[in-house]
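Trainee: Taken in order, these protein sequences are the chains called A and B.
First residue of the first sequence: 1, per my numbering; consecutive thereafter.
First residue of the second sequence: 1, per my numbering; consecutive thereafter.
Backbone N, C-alpha and C define an ideal beta-carbon position, used for all residues, glycine too.
I'd like to ask you about the structure that follows.
Protein chains: 2
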Amino acid sequence: MSITPLLEQLIEALRCQPGVGPRSASRIAFHLLERDRHKALHLAEILRQAVERLGHCEQCRNFSETPLCSICSDPRRQSDLLCVVENPAQLAAMDHAIHFRGRYHVLMGRLSPLDGIGPEELGMDRLEQRLREGEIKEMVLAISPSVEGEVTAHYISEMAHPFGVRVTRLAQGVPMGGELESLDSGTLTRAFELRREY
Amino acid sequence: MSITPLLEQLIEALRCQPGVGPRSASRIAFHLLERDRHKALHLAEILRQAVERLGHCEQCRNFSETPLCSICSDPRRQSDLLCVVENPAQLAAMDHAIHFRGRYHVLMGRLSPLDGIGPEELGMDRLEQRLREGEIKEMVLAISPSVEGEVTAHYISEMAHPFGVRVTRLAQGVPMGGELESLDSGTLTRAFELRREY
Numbered sequence: 001m002s003i004t005p006l007l008e009q010l011i012e013a014l015r016c017q018p019g020v021g022p023r024s025a026s027r028i029a030f031h032l033l034e035r036d037r038h039k040a041l042h043l044a045e046i047l048r049q050a051v052e053r054l055g056h057c058e059q060c061r062n063f064s065e066t067p068l069c070s071i072c073s074d075p076r077r078q079s080d081l082l083c084v085v086e087n088p089a090q091l092a093a094m095d096h097a098i099h100f101r102g103r104y105h106v107l108m109g110r111l112s113p114l115d116g117i118g119p120e121e122l123g124m125d126r127l128e129q130r131l132r133e134g135e136i137k138e139m140v141l142a143i144s145p146s147v148e149g150e151v152t153a154h155y156i157s158e159m160a161h162p163f164g165v166r167v168t169r170l171a172q173g174v175p176m177g178g179e180l181e182s183l184d185s186g187t188l189t190r191a192f193e194l195r196r197e198y
Numbered sequence: 001m002s003i004t005p006l007l008e009q010l011i012e013a014l015r016c017q018p019g020v021g022p023r024s025a026s027r028i029a030f031h032l033l034e035r036d037r038h039k040a041l042h043l044a045e046i047l048r049q050a051v052e053r054l055g056h057c058e059q060c061r062n063f064s065e066t067p068l069c070s071i072c073s074d075p076r077r078q079s080d081l082l083c084v085v086e087n088p089a090q091l092a093a094m095d096h097a098i099h100f101r102g103r104y105h106v107l108m109g110r111l112s113p114l115d116g117i118g119p120e121e122l123g124m125d126r127l128e129q130r131l132r133e134g135e136i137k138e139m140v141l142a143i144s145p146s147v148e149g150e151v152t153a154h155y156i157s158e159m160a161h162p163f164g165v166r167v168t169r170l171a172q173g174v175p176m177g178g179e180l181e182s183l184d185s186g187t188l189t190r191a192f193e194l195r196r197e198y
């Protein structure tokens, strides 16, 4: 054995991270042990705290250290405008990019029956309950336009129908600053179909 | 604030890993919290243990949980054949690829005065002491053929000269600019067999 068991365990454990294969894991392990033990210890501590203390907001399902997250408990947020996002990263991107002052529902995934992800796993019952409460006037679907995303968006819009809520979704087309030649044909086709008067 | 402080701290802490930028860090954090809390907790624990318990072997400088590593304390290893490698990943690659039954010296870097890495940082004093002890008959330099690697190899061969030790290096089967740890074992084996006088 040329590597100590503990080092092998560390390299193996680092691979729980998506995008980290055996080679990256070795590189990370050697770097942390050789150059950055202080930060490695900090990472270990924060990771433990996060796993132990971060739960989900009872209302919107976003990660939260408290039963109700900071957005859901903020009285200045509009209660009649709800944005449905797939995950906390999208929520952060939305909240950072636009002056959205409504609230959120975080799906934490997309409908994918083959992977065992059904309406229950995405908190659809909780979302339906919020619609039933009657405060929401508009629901914006900020869901990536993949096949599973389309199915998820369709499911939600059908669910919202009986409640007379206005359901909208993010516009699709050419991204700002995007080079036309580097866009995929799906995006170009969609942008052409949805072309507007100049 | 759309993300909890603890989650932000976790994303920031994950970035201590080389090759992990802000986007990967978010993806990793969400993945671990949403799908793999058990493994995340395991990683935190192993990382803490590794930082606290993994030191360096007194003799070869490789990572070790004990004062003397498993290779240096193995009596079946030849004491007259020493392989000098840059890091533990290269040591593991060498030991895995070829039937090398000697011992190692792990530099943990290359000579790079601009980065403040001099002979002392690479344990050259320890290496010189081992040469002085007189047991070593041959020293194989398994150092990547970069500019800094060449300088390092030259330094070591000069240092070994007074002791009458045979200094060899891996054959020119190693591609220029290639990192040893990314080579296939066949190439490494061949390079070892064809090692030449320095």
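Taking 7 Å as the limit between beta carbons, can you name the residues of its chain near residue 106 of chain B, skipping five residues before and five after?
Mentor: 60, 61, 62, 85, 87, 88 and 91
Trainee: Using a Cβ cut-off of 7 Å (strictly closer), state whether residue 102 of chain B contacts chain A.
Mentor: no
Trainee: In chain order, what residues of the same chain lie with their CB nearer than 8 Å to the CB of residue 39 of chain A, ignoring the 5 residues before and after it?
Mentor: 32
Trainee: Based on the DSSP secondary-structure assignment, which residues constitute the bridge partners of residue 169 of chain B?
Mentor: B:141 and B:196
Trainee: Do residue 20 of chain A and residue 41 of chain B count as a contact pair if the criterion is CB distance below 7 Å?
Mentor: no
Trainee: Could you check where the alpha helix (DSSP H) with residue 99 of chain B kicks off and where it finishes?
Mentor: Judged by DSSP secondary structure, residue 99 of chain B falls outside any alpha helix (DSSP H); it is assigned neither H nor E.
Trainee: Return the CA-CA distance between residue 188 of chain B and residue 28 of chain A, expressed in angstroms with no decimal places.
Mentor: Put simply, the backbone Cα of residue 188 of chain B is about 23 Å away from that of residue 28 of chain A.
Trainee: Please work out which residues of its chain come closer than 6 Å, Cβ to Cβ, to residue 157 of chain A, disregarding the five sequence neighbours upstream and downstream, and give them in chain order.
Mentor: 167
Trainee: Take residue 81 of chain B and list the residues in its own chain whose beta-carbon comes closer than 6 Å to its own, dropping the five residues that flank it on each side.
Mentor: 102 and 138
Trainee: Using a Cβ cut-off of 7 Å (strictly closer), state whether residue 1 of chain B contacts chain A.
Mentor: Confidence at residue 1 of chain B is low in this model, with a pLDDT of 41, below 50, so the placement of that residue should be treated as unreliable; the coordinate-derived value is given next. Yes, residue 1 of chain B lies at the interface with chain A (some Cβ there is under 7 Å from its Cβ).
Trainee: Using Cβ-Cβ distances below 9 Å, what residues of the region 36-47 of chain A are close to chain B?
Mentor: 36, 37, 38, 39, 40, 41, 42, 43, 44, 45, 46 and 47
Trainee: Using a beta-carbon distance below 7 Å, is residue 122 of chain B in contact with chain A?
Mentor: Not closer than 7 Å to any Cβ of chain A, the Cβ of residue 122 of chain B fails to qualify, so no.
Trainee: How about residue 151 of chain A and residue 111 of chain A: are their beta carbons less than 7 Å apart?
Mentor: Contact: yes.
Trainee: Anything in the region 12-26 of chain A with a Cβ closer than 7 Å to a Cβ of chain B? List those residues in chain order, please.
Mentor: 13, 14, 16, 17, 18, 19, 24 and 26
Trainee: Mind checking who residue 82 of chain A pairs with in its DSSP beta bridge?
Mentor: A:103 and A:139
Trainee: Let me know the secondary structure DSSP gives residue 11 of chain B once reduced to three states.
Mentor: In this structure, residue 11 of chain B counts as helix in the three-state DSSP scheme.
Trainee: Within the same chain, show all residues whose beta-carbon is closer than 7 Å to that of residue 1 of chain B, passing over the 5 residues directly before and after it, in chain order.
Mentor: Here the model assigns residue 1 of chain B a pLDDT of 41, short of 50, so the residue's position is not dependable, and the following value carries that caveat. Nothing meets the Cβ criterion.
Trainee: If you reduce the DSSP assignment to three classes, tell me which class residue 112 of chain B lands in.
Mentor: strand
Trainee: Against residue 64 of chain A, what residues of chain B qualify as contacts under a CB-to-CB distance less than 8 Å, listed in chain order?
Mentor: Within chain B, the residues near residue 64 of chain A are 4.
Trainee: Would residue 56 of chain A pass as an interface residue toward chain B - the criterion being a Cβ-Cβ separation below 7 Å?
Mentor: Not closer than 7 Å to any Cβ of chain B, the Cβ of residue 56 of chain A fails to qualify, so no.
Trainee: How about residue 48 of chain B and residue 44 of chain A: do their beta carbons lie closer than 7 Å?
Mentor: yes
Trainee: Taking 7 Å as the CB-CB cut-off, is residue 114 of chain A touching chain B?
Mentor: no
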